[in-house]
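Okay, structure first, notes after.
Protein chains in written order, with this note's numbering: chain A, 805 to 1368; chain B, 40 to 397.
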């Protein structure tokens, strides 16, 4: 380090300029589509008659209800994150390190909940847990435990995929050597595997926490009216009451809390030497000692399958549980929700058309997220040569996580009040939806790539450069081979986020060209002889499409990866 | 390594670019910006609406062909969210004309001066739905529907129990644990039901709600939770009394279509009317007025029940068969003045929330 600091000032300035160049595009995007809208919305709440009104904000924060809401948000997110990590770690091991038939399919299936519309899953969950449901005897309907189960259901995939991508290419030899020297599996994990895995685990956990803390549909549907989180409260204050001052107060608290969390995560993530030997490791057959992770994976699969099975059966029983089985709801999907003898048009567009819109939007969101996320990941993982440089990097790192921690309502309303004048009159732009979705997916992309790119030994790059390779060639020959699989994983993730995104999309979607989640939401929000079943059928279609896309992404492979 | 990666990447890029949105929607955006500032007939007209807006595309194309305007739709969340956004953007409106502000949110929009005065030719029957207190004449009624308590008559027949009739009946121990409603803070029908109780009980409404909850009424967040999960006739739930609409019985007909298995309690109804209005500061006011007139044409009025599950306001618009037969309307629905709603919304919702979470 001491040696690094003595590098000449001129070259430091040059490096900083390079840094700024890489950061320019992501920074501009973040500035326009996040900082501007959110600060615009918060400013609306804080400024009263042209004067800053902080007393009002303090009054809002002093309300007992605000305290309850904050506490519930932090508590429920922390517990749900812990459970998701506890279940996700063994599953990531079983799915990415072990070879057994069907693991690819299981991997794809476990990602399905991530894209399911919360409102429909909420209804499916409640049909299971409700007073008359098959699991009604558990008495979970409308309890905090139901909310926790819902949060874990939706987010465990983040841990599995995030950690799995890092675990997959971890060199097994040091662990095997330790084992050969007599270390127990637990000991090997603690001393060899965990230190190498920690950055990825902390990364995933912080993303899950943010997702939980800003969950909207799950808290409302499963918790009933007894529980309120910061997110549901901001919705209520902004939309129902137009009490922008109180909403701004909560948004500020949200931002501060997220910043604190990110600082903590950065500290926990930091390891003395992030360099990790990576090579493509063929997954091995399960041994007797792998029983526990395999069992956890099985349990998790059952837990995820239960509400999905409820969805499928619901969609196949248009006359309720006592009626017969039929594909009526699926047939209605392309016929715009016809009601027998009524000629109703519950759908503006056939579900097939909405699916195409969703897929096209997802393609855009994915390349945007990968482009921005890739640039950022490169930027964040280059070895820093000075303290300023390191500080700039860590600030940037945190900054791009913020969009996950901010209310979709604040962001959506902010879009409309700030991006309304030339040259930024973007309220009409067809790219607004994929961009909003890409911002949501961006932290996932960055958090998947950074642990892997950060693990590349910088000496490899230096060696490539001293052999005459330019920056691009170095990137292609050194970074790309190790980052290829995580890049695919991240792309798949971004795609899934976009397919399932509802919060921001519902504010921005064109009603005559809706995405699938928006169509599903509309179907279930109104009476109609088949609407409930059609919403479930459309959700099954969405889930199936997602699983299929994930499977295809896993199939995409480059033969020479690992030929370092 | 490069020999295989580069072609693979290129193939992916090409495959993906063919199904991207980029380049398809930009033309529309470009068209729109060239039309800015022009007020002559034709050009784009932007209709701001909520996410349940739906009309057959055929009708929209006919409107465009007839008037030369190009109708662009923009949805902004639910009716409440849309109204809030209209109020926040009053100085730089989101579009030219807005549809979907209802009588529970109209006070907020009027107070903020969101709409500009316009009144076209109103067909017979529309006048009776005009918003009381809209002295400037900015809002034109388009559709209406009543939020009513519904009962599963089949369930009551089977149990040999007389179904309830009135709001008061819902607090009768005979109907203990049988009622489910959606919340006033989280759903639009839920708020309408709160208003129904306020209209019926005046300042005494909090004690009515306490009785209701003491009698085991269940409050869930959304209409879909109540109807599709907890209602016996909706999704196999456990409660035969639910908050829904007066049109709902038309969707629970028996297989032969001869009868319906549910009924709306006509003494418990609160009327919701949805309005359309020209936005103050619209770029294309002439187009906006054309849209307002279009919403009252016989074609659009007749399409409302099937498209948006609401009743038309114009006389003689015609109803689907099942609606005419199985969805009787209340003679005199309960009502609360729009200005009064705007004034008291916060206080009522806060008090309601306190009672429910107690």
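All C-beta atoms in this analysis are idealised placements derived from N, C-alpha and C, irrespective of residue type, glycine included.
| Asked | Found |
| --- | --- |
| Inter-residue spacing [alpha-carbon to alpha-carbon] between residue 867(A) and residue 238(B) | 30 Å |
| Residue 258(B): first and last residue of the uninterrupted alpha helix (DSSP H) it sits in | Run containing residue 258(B): none in the alpha helix (DSSP H); it sits in the beta strand (DSSP E), 257 to 259. |
| Residue environment, residue 75(B), which counts as buried when at least 16 other CB atoms sit within 10 Å | Confidence at residue 75(B) is low in this model, with a pLDDT of 42, below 50, so the placement of that residue should be treated as unreliable; the coordinate-derived value is given next. The residue in question, residue 75(B), is exposed, as its Cβ has fewer than 16 Cβ neighbours within 10 Å. |
| Three CB pairs or more closer than 8 Å across the segment 1225 to 1238 of chain A and the segment 1038 to 1050 of chain A | no |
| Within chain A, the residues that residue 149(B) reaches when beta carbons sit closer than 8 Å | What residue 149(B) touches in chain A: nothing, since even the nearest Cβ is about 14 Å away. |
| Test: residue 1047(A) CB closer than 9 Å to a CB of chain B | yes |
| Member of 875(A), 1346(A), 1352(A), 820(A) whose CA lies at the smallest distance from the CA of residue 773(A) | Given that chain A is displayed from residue 805 to residue 1368, the structure contains no residue 773(A) and the question cannot be resolved. |
| Simplified DSSP assignment, three categories, for residue 271(B) | helix |
| Alpha-carbon spacing of residue 393(B) relative to residue 1028(A), whole angstroms | 14 Å |
| Contact check, residue 1293(A) vs residue 892(A), beta carbons under 9 Å | no |
| Limits of the unbroken beta strand (DSSP E) element including residue 113(B) | 108 to 114 |
| Environment of residue 928(A) [buried if 16+ CB atoms lie within 10 Å] | buried |
| Cβ contact check for the segment 341 to 350 of chain B and the segment 220 to 238 of chain B: 3 or more pairs under 8 Å | no |
| Distance, residue 1302(A) Cα to residue 1249(A) Cα | 13 Å |
| Simplified DSSP state of residue 308(B), which is helix, strand or coil | coil |
| Cβ-Cβ distance between residue 194(B) and residue 271(B) below 9 Å | yes |
| Whole runs of the beta strand (DSSP E) within the segment 922 to 981 of chain A, excluding any shorter than 3 residues | none |
| Residue 130(B) classed as buried or exposed, judged by whether at least 16 other C-beta atoms fall within 10 angstroms | exposed |
| Beta-ladder partner(s) of residue 82(B), from DSSP | 108(B) |
| Positions along the segment 278 to 295 of chain B whose CB lies within less than 9 Å of some CB in chain A | 278, 283, 284, 286, 287, 289, 290, 291, 292, 294 |
| DSSP state of residue 835(A) mapped onto helix, strand, coil | helix |
| Range covered by the alpha helix (DSSP H) that runs through residue 196(B) | 192 to 198 |
| Ordered list of alpha helix (DSSP H) runs contained in the segment 1257 to 1301 of chain A, each at least 4 residues | 1262 to 1270, 1275 to 1278 |
| Rounded C-alpha distance that separates residue 1196(A) from residue 383(B) | 50 Å |
| Inter-residue spacing [alpha-carbon to alpha-carbon] between residue 1054(A) and residue 872(A) | 12 Å |
| Buried versus exposed, by CB contacts within 10 Å (16 or more), residue 77(B) | In this prediction, residue 77(B) has a pLDDT of 41, which is less than 50 and means its spatial position is unreliable; nothing more can be read from the coordinates. |
| Inter-stretch contact at 8 Å, needing at least 3 Cβ pairs: the segment 139 to 157 of chain B / the segment 239 to 254 of chain B | no |
| Contacts around residue 355(B), its chain only, beta-carbon distance under 7 Å, and the 5 residues preceding and following it disregarded | none |
| Minimum Cβ-Cβ distance from residue 179(B) to chain A less than 9 Å | no |
| Per-residue DSSP class, three states only, for residue 1335(A) | helix |
| Beta carbon proximity, residue 158(B) to chain A, threshold 9 Å | no |
| Per-residue burial, residue 1426(A) [other beta carbons within 10 Å of its own, 16 or more giving buried] | The question about residue 1426(A) has no answer here: the residues shown for chain A are numbered 805 through 1368. |
| Selection of the segment 1289 to 1322 of chain A by Cβ proximity to chain E, strictly under 9 Å | This model lacks chain E altogether, as its protein chains are A and B. |
| Positions along the segment 904 to 936 of chain A whose CB lies within less than 8 Å of some CB in chain B | 923, 926, 927, 930, 931, 934, 935, 936 |
| Contact residues within the segment 1108 to 1122 of chain A, judged by C-beta distance below 9 Å to chain B | 1118 |
| Limits of the beta strand (DSSP E) - the one that residue 141(B) falls within | 136 to 141 |
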